[in-house]
Ligand code: GLN
């Protein structure tokens with residue numbers, strides 16, 4: 014694969030399991046990059062918001078004047094939020110309510126499946142080809158409501174666990190903790206397509222000058 018096919022995907026590296034995401038992205042054909050400063054966003058084709066503790070991440074984002082830059086980036090480039098990351102992306106957060114980026118048209122309830130000790134691993138069908146997918150849940154949130162433009166790609170009971178809204182993806186589980194790379198590969202494809210589109214748009218703009 015040439016460098017041109019290798020999108021540069023950041024992982025917000027404030028707290029949580031960002032290192033496992035970087036490994037998963039590399040295995041899925043991307044060039045991962047740990048992101049700790051807003052200036053780094055300019056170099057990226059896409060971004061992963063990892064699992065961890067969403068309240069801690071919010072505090073860091075506020076302290077470092079990162080929240081608005083992140084919101085702006087998520088509005089123009091593909092983003093994938095897992096677990097705490099899905100909480101950050103949501104339109105509305107409950108249990109308790111907290112501020113979020115409002116990028117994904119969904120209502121997310123924090124810690125909806127109980128405490129840390131209730132964390133679990135399930136295997137379920139998804140829209141991804143290749144059979145059932147392992148899903149690792151750790152103090153997972155629950156996607157309680159989704160808007161009309163949100164495609165549900167997997168569920169736990171009747172609630173969505175993997176969703177996509179255009180170039181925004183969210184999982185309430187931790188795909189980076191399983192050996193299966195289908196979820197990351199799917200996101201890398203979204204990033205590749207978006208990058209090709211913006212390059213074509215740039216070329217068009219240059220020609221019309
Ligand atoms: N419970 C965490 C939160 O509310 C999310 C847990 C996780 O990311 N594994 O932010």
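Residue numbers (the working numbering): 14 to 222.
Every residue, glycine too, gets a C-beta built ideally from N, C-alpha and C.
Pairwise C-beta distances place the segment 150–170 in contact with the segment 88–108, as three or more of them are shorter than 8 Å. The segment 32–86 contains, as complete alpha helix (DSSP H) runs of 4+ residues, the segments 67–76 (chain order).
In terms of CA proximity to residue 77, 48 leads the group 87, 104, 48 and 105. Annotated as distal: residue 81 and residue 181, with beta-carbon spacing of 7 Å or more. Annotation: residue 205 to residue 158 spans about 29 Å, alpha carbon to alpha carbon. Of 171, 104 and 179, the smallest CA-CA separation from residue 163 is found for 179. Taking the CA atoms as reference points, residue 173 sits about 13 Å from residue 161. Relative to the ligand GLN, the nearest heavy atom lies less than 6 Å away from the CB of residue 123. Residue 216 counts as exposed, since fewer than 16 other beta carbons sit within 10 angstroms of its beta carbon.
Taking all protein chains shown into account, residue 167 has 16 or more neighbouring C-beta atoms within 10 Å of its C-beta and is therefore buried.
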